[in-house]
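*Asks:* Quick one: this structure, given as structure tokens, is what I'll be asking you about.
Numbering (our numbering), first residue to last: 1 to 230.
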């Protein structure tokens, strides 16, 4: 097993991201968040953009999953590819120090390189692991055929054809089917809010679990407490 992949085996990875205008969007604040999750035991980080990756590399040697995405997201984000769209995006992440480059692995139209070509170039020219953010089992199978090293359920519930999955629960069904069908590490990401959900994911065979909002977005955590306590 690859050393980076081994380091995150049965571990929690924290996604530290903040949209423009949010209190944590200032770089110093985001790095304080990074330090906090590291001190709590996070085995890796998922970060957006070369700048945040560069800053994080100054303070940690933990594996970093890097992505690019527009901020704010366009209104039609459910219909388009927006996570690490092309090789230029991937190159910026690799130069910043990302160990794993996550890219949109859905079947949606790509504006530039085709998916197989992009995955190949990430692995051969950038010497990084390629991780596919997908929304369906079929997409996971396709991405494995194209050579990805890791598959994540990140986009389940966030494409027009999987909106029915956006029900405040992780897509355990997709995780289970991917583990059974695709021979590569599978990461659960998306709508993970409780330790019980993490345990379920590992019991179903998840290689790792990525948690974002439940740890790093206090305004959403506060809203959730208020809503569920009524």
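The beta carbon of each residue, even a glycine, is placed where N, CA and C say it ideally should be.
Treat the numbers as computed from the prediction; the structure is a model and nothing was measured.
Identify every run of the alpha helix (DSSP H) within the segment 39 to 92, keeping only runs that are complete inside it and at least 4 residues long; order them along the chain.
*Replies:* 50 to 57
*Asks:* Give the secondary structure of residue 22 by DSSP, where H, G and I count as helix, E and B as strand, and everything else as coil.
*Replies:* Three-state result, residue 22: coil.
*Asks:* Rank 92, 171, 222 and 224 by C-alpha distance to the C-alpha of residue 233 and give the top, closest one.
*Replies:* Not covered by the structure: residue 233. The range shown for the chain is 1 to 230.
*Asks:* Count the other CB atoms, across all protein chains shown, that sit within 10 Å of the CB of residue 15; report buried if there are 16 or more and exposed otherwise.
*Replies:* buried
*Asks:* Suppose contacts are defined by Cβ-Cβ distances below 8 angstroms. Is residue 56 in contact with residue 34 by that definition?
*Replies:* Yes; because the gap between Cβ atoms is below 8 angstroms, this pair is in contact.
*Asks:* Beta-carbon within less than 6 angstroms of residue 92's beta-carbon, same chain only, minus the 5 sequence neighbours each way: which residues are those?
*Replies:* 50
*Asks:* What does residue 11 pair with, by DSSP beta-bridge criteria?
*Replies:* Looking at the DSSP assignment, residue 11 forms a beta bridge with 208.
*Asks:* Are residue 146 and residue 174 close, meaning C-beta to C-beta below 8 angstroms?
*Replies:* no
*Asks:* Does the distance from the C-beta atom of residue 186 to that of residue 214 stay below 8 angstroms?
*Replies:* no
*Asks:* For the beta strand (DSSP E) that contains residue 152, what are its first and last residues?
*Replies:* 150 to 152
*Asks:* Should residue 64 and residue 102 be called a contact, given that it needs their Cβ atoms to be closer than 8 angstroms?
*Replies:* no
*Asks:* Candidates 210, 223 and 229: which alpha carbon is nearest residue 43's?
*Replies:* 210
*Asks:* Quick check for students: name the residue ranges of the alpha helix (DSSP H) that lie wholly in the segment 104 to 167, counting only runs of 4 or more.
*Replies:* 115 to 124 and 137 to 146
*Asks:* What number of angstroms, rounded off, separates the C-alpha of residue 36 from the C-alpha of residue 212?
*Replies:* Here the C-alpha atom of residue 36 lies approximately 13 angstroms from the C-alpha atom of residue 212.
*Asks:* If you draw a straight line from the alpha carbon of residue 70 to that of residue 158, how long is it in whole angstroms?
*Replies:* 15 angstroms
*Asks:* Just verifying my parser: in three-state terms, what is the DSSP assignment at residue 169?
*Replies:* coil
*Asks:* Go through its chain and collect everything with a Cβ distance to residue 197's Cβ below 6 angstroms, but skip five positions before and after it.
*Replies:* 170
*Asks:* Among 66, 81, 76 and 113, which residue has its Cα nearest to the Cα of residue 95?
*Replies:* Minimum Cα distance to residue 95 is reached at 66.
*Asks:* Considering only residues of the same chain and omitting the five flanking positions on each side of residue 81, which have a CB-CB separation below 8 angstroms?
*Replies:* 104, 106, 108, 109, 110 and 111
*Asks:* How is residue 96 classed by DSSP in three states: helix, strand or coil?
*Replies:* helix
*Asks:* Whole-angstrom Cβ separation of residue 189 and residue 153, contact assumed at under 8 angstroms?
*Replies:* 6 angstroms
*Asks:* Out of 176, 195, 166 and 177, point me to the one whose CA is closest to residue 78's CA.
*Replies:* Of the candidates 176, 195, 166 and 177, 166 places its Cα closest to the Cα of residue 78.
*Asks:* Could you tell me the distance, in whole angstroms, from the CA atom of residue 26 to the CA atom of residue 18?
*Replies:* 8 angstroms
*Asks:* Please state if the CB of residue 62 and the CB of residue 47 are separated by a distance shorter than 8 angstroms.
*Replies:* no
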